[in-house]
Amino acid sequence: MRAVDIIMDKRLGKELSREAISFLINGYVVGNIPDYQVAAWAMAVCLNGMTPAETAALTETMLASGTRINLNGIEGPFVDKHSTGGVGDKTSLILAPLAAAIGVRDPMMAGRALGHTGGTLDKLDAIPGYRTQLTVAEFRTTLASTGFAITGQTKDIVPADRLLYALRDVTATVESVPLITASILSKKAAEGADALVLDVKYGSGAFMKDPLEGETLARSLVDTGAAMGKRIIVLLTDMNEPLGNMVGNFLEVEECLDCLEDFSKTPPDLAEVTLELAARMAVLGGKVANADDGRVLCAETLASGKPLSLFLKNVADQGGNVKQLCAMRGAYRSPFVASVRAAQDAYIARIDAWKTGHAAVILGVGRNRASDTVSPLAGVQLHKKGRDMVHKGDLLMTVWGKDEAALATAIPQLEAAIEYAPTPPAKRTLVLKELVHA
Ligand code: URA
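In this note's numbering, the protein residues as written are 19 to 456.
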């Protein structure tokens, strides 16, 4: 077999055999097939898609590229949550300790920033000392003691996704239903969760731009996941505007700490999506009979303060410095700072999520090349959001860049992200649909 023939077949829209897919992926992992051939293949997949059989073969090959974490000896239930990617989407950092606090263990394998979207691991890396590459033994110990553990793909655990994920990030090959399905489900199968809550985003700031595309991705995730024996609930949620008020690595950790400390002050969109997802984790974990009861249980648990203690315990478990983290709140910012102000008296129709996410990458929140490091300090604070009324000159955003040049390039893009309306815009429906395989 030759990689070039496999690329050609996919370029011509042919269905690839399981053998061809394993040859390519395994060859990539051991270093026999170079980045440029896999990038060409990924682009052909983006353009021509994959059949369900190919998607299943890709998912299973990626899973088999490394070790599966064995959770034997740790008491479940094990339920994880994963998002298909958004801007300001930080719910994982609230949900993992919240799930643990209601007695649902969350073995979370997360990702880095992808395209214009943020990554849980890059956010956690902003905490001094925090380790996002755990060994299997460390993952098990943390999960058993605190109720959740968060790690990335390593050279031992789904190494195929570790490599492909970084390659797709910088080759415009993220937006593909089969590639997203295989990337998410290979990680979810490796981490050992019995059940999954998936937040499939649609909208300008998502990889799937409209609800129908979002539903296609949701279906692919449910069907492929069900075939792998997982119980799954998918919520299809709106990502036309950043979630919450912070977009950036440390900024988002800080916003999560604020939410865990006093959930009543959480921005309403972030609070709603978080509670809806948490309620489904409670259902799949067998803690409640339905999502209504789940919402009540999760709101009460947040108010108890237990999820905040568990978050801080996890930081310590994973090598982070809790004292330093607390001292950094409100102070850990780039010196390269600017403001964006309202250009007119009007309502804000929305702050466009894609434009904000794209500007955030320029500011240093994400990567342009696989070798780039992200800035923990860069990002955007939104002072106003969709449906707010503003007057000309009002402060809309505070913006921090990795340097002056990044700031200068990003500011006009952020200004362009602000959409004004003369009359109050309609309220957005945040959760559009639910798909259940339980
Ligand atoms: N999240 C992942 O883990 N992988 C993708 O491809 C997209 C979102």
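All C-beta atoms in this analysis are idealised placements derived from N, C-alpha and C, irrespective of residue type, glycine included.
Query	Result
Beta-carbon gap between M264 and Y220 smaller than 8 Å	no
C-alpha gap between G247 and A456, whole angstroms	10 Å
Backbone secondary structure at H3 - three-state DSSP	With the chain running from 19 to 456 in the structure shown, residue 3 is simply not present.
8 Å Cβ cutoff met for L253 and E452	yes
Segment limits, beta strand (DSSP E) that includes E452	V449 to H455
Sequence-distant residues of the same chain with beta carbon closer than 6 Å to V218, five excluded per side	T102, G232, L235, A236, V252 and L254
Ordered list of beta strand (DSSP E) runs contained in the stretch 119-178, each at least 3 residues	124-127 and 166-169
Complete runs of the alpha helix (DSSP H) confined to the stretch 183-213 [at least 4 residues]	195-209
8 Å CB neighbourhood of A396 in its chain, flanking five on each side removed	G266, N267, S352, A378, L381, G382, V383, W418, G419, K420 and A424
I39 Cβ short of 7 Å to the ligand URA heavy atom set	no
S110 CB to nearest heavy atom of the ligand URA below 7 Å	no
Three-state secondary structure assigned by DSSP to Y350	coil
Rounded C-alpha distance that separates E33 from L216	27 Å
Distance between C277 and Q55 (C-alpha atoms, nearest Å)	44 Å
Sequence-distant residues of its chain with Cβ nearer than 6 Å to D412 (five each side left out)	A360
Nearest neighbour of N82, chosen from M68, G136 and P177 [CA to CA]	Per the sequence shown, residue 82 should be read as Ala rather than Asn. Looking at the Cα atoms, P177 is the closest of the given residues.
Top-ranked residue by Cα proximity to N9, from T416, M80, A167 and A75	Nothing in the structure corresponds to residue 9, since the chain is present only between 19 and 456.
D140 versus P394 - alpha carbon distance	8 Å
Integer-rounded CB distance, given that T416 should sit under 8 Å from Q399	4 Å
Close Cβ partners of L320 (< 6 Å) along its chain, the five nearest in sequence each way excluded	F281
Inter-stretch contact at 8 Å, needing at least 3 Cβ pairs: the stretch 426-444 / the stretch 293-304	no
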